[in-house]
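Please read the structure below before turning to the comments.
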């Protein structure tokens with residue numbers, strides 16, 4: 014079950030190494046955050062004298078009658094935006110035969126290794142159409 018992760022680990026590590034090569038030494042530098050400068054504490058301003066006031070009287074609360082809530086009817090769902098497909102042939106879409114050997118070759122570790130090796134040796138160079146056919150990525 015860990016076999017598929019081996020390819021991810023292998024090619025992911027190579028990609029990470031290529032990124033580190035592009036960045037250079039900066040990739041390994043750790044910049045410590047500078048502490049925030051706090052301004053010197055100012056002496057507290059003297060508190061103004063507050064005149065003593067007697068507490069205010071509260072107004073008496075009263076209840077207000079509200080109008081009855083009328084329930085609104087729920088809106089009817091809108092008609093569908095698209096017409097249903099009448100004569101759709103799903104076998105035409107999904108009835109095609111699949112070459113399982115070809116599907117398995119997409120995840121073959123040897124092919125993936127060849128692709129990674131070509132990317133590593135030709136840093137910056139892209140794989141051409143003929144090379145993709147030779148590697149088995151594309152068919153003629």
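Residue numbers (our numbering): 14 to 153.
Even for Gly, the Cβ is constructed at its ideal location relative to N, Cα and C.
Three-state secondary structure assigned by DSSP to residue i
i           : result
residue 24  : helix
residue 55  : coil
residue 100 : coil
residue 118 : helix
residue 112 : coil
residue 131 : helix
residue 77  : coil
Whole-number beta carbon distance between residue j and residue i, since they are thought to touch under 8 Å
i           : j           : result
residue 153 : residue 146 : 6 Å
residue 27  : residue 129 : 6 Å
Straight-line Cα distance separating residue j from residue i
i          : j           : result
residue 98 : residue 111 : 26 Å
residue 51 : residue 43  : 24 Å
residue 53 : residue 61  : 23 Å
For residue i, the first and last residue of its enclosing alpha helix (DSSP H)
i           : result
residue 142 : 142–148
I want to know whether the stretch 18–30 touches the stretch 120–129 - three or more CB-CB distances under 8 Å. yes
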